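In what follows, a structure is listed as structure tokens, so that the remarks can point back to it.
In our numbering, the protein residues as written are 7 to 230.
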């Protein structure tokens with residue numbers, strides 16, 4: 007009786023998580039992924055070769071990140087389920103503000119050495135975490151094959167942890183109240199994004215719920 011009740015609750019949670027989501031045909035999804043890959047490739051070229059200040063450590067880091075993202079968009083598997091449009095819209099806020107913090111930072115050739123090094127190290131960590139996702143790469147909440155290898159053995163969201171450090175590096179490059187405010191907003195919305203993503207995945211994938219029990223921390227071991 008107890009197990010039947012749990013299964014019923016699980017089905018209700020799954021239906022609730024998928025309500026309001028959308029469905030794309032495999033062809034439409036592949037076209038969308040190709041467009042995302044083209045966009046990431048465009049930003050990779052801009053970061054590496056077309057900036058007026060020439061080659062910089064920060065630009066090279068961004069270029070490498072966008073190049074990796076372009077490849078992953080082309081290689082990733084089709085999603086089994088999407089989050090609702092409302093949840094996706096909420097998650098986009100952290101993406102937009104994260105880019106805003108970088109846009110408000112000084113020109114890349116004026117970054118002090120420590121900020122450059124911090125950004126490059128955080129960018130390298132992001133690339134490692136993204137590469138670990140492989141065909142399960144996603145930007146917004148969707149269900150694909152669960153990844154538990156590499157840094158995902160220690161925290162549930164290593165990509166977000168590393169990206170947060172990139173935002174912090176952008177703030178230290180030229181502290182100003184606007185940059186600090188946008189960065190704080192980006193990190194705050196990232197917490198919202200993580201909670202939305204975990205609620206969705208727990209509802210549609212029993213393996214993810216088990217993974218959350220095994221890997222306790224989201225961003226920083228021993229803290230959260």
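All C-beta atoms in this analysis are idealised placements derived from N, C-alpha and C, irrespective of residue type, glycine included.
None of the values given here were measured: they were computed from a predicted structure.
Our two residues, residue 112 and residue 181, have alpha carbons roughly 9 Å apart in a direct line.
The C-alpha of residue 31 is placed about 30 Å away from the C-alpha of residue 132. A contact is defined here as three or more CB-CB pairs under 8 Å, and the stretch 141 to 158 fails this definition with respect to the stretch 169 to 183. Taking the C-beta atoms as reference points, residue 164 is found no nearer than 7 Å to residue 190. Counting of Cβ neighbours within 10 angstroms places residue 48 among the exposed residues, the total staying below 16. Under the 10 Å beta carbon count, residue 84 is surrounded by fewer than 16 other beta carbons and is classified as exposed. Residue 148 is bridged by DSSP to 88. The shortest C-alpha to C-alpha distance from residue 224 to any of 196, 90, 213 and 210 is the one to 196.
Each residue's CA atom was taken as its position, placing residue 107 and residue 171 some 12 Å apart. Residue burial annotation: residue 226 is exposed, with fewer than 16 other C-beta atoms found within 10 angstroms of its C-beta. Between residue 127 and residue 94 a beta carbon distance of about 30 Å is seen, past the 8 Å cut, so the two are scored as non-contacting. In this structure, the beta-carbon distance from residue 192 to residue 100 falls below 7 Å. In this structure residue 104 is buried. Its beta-carbon is surrounded by 16 or more other beta-carbon atoms within 10 angstroms.
With contacts defined as CB atoms closer than 7 Å, residue 141 and residue 86 fail to qualify as a contacting pair. Listed in chain order, the alpha helix (DSSP H) elements of length 4 or more contained wholly in the stretch 46 to 117 are 63 to 81 and 91 to 110.
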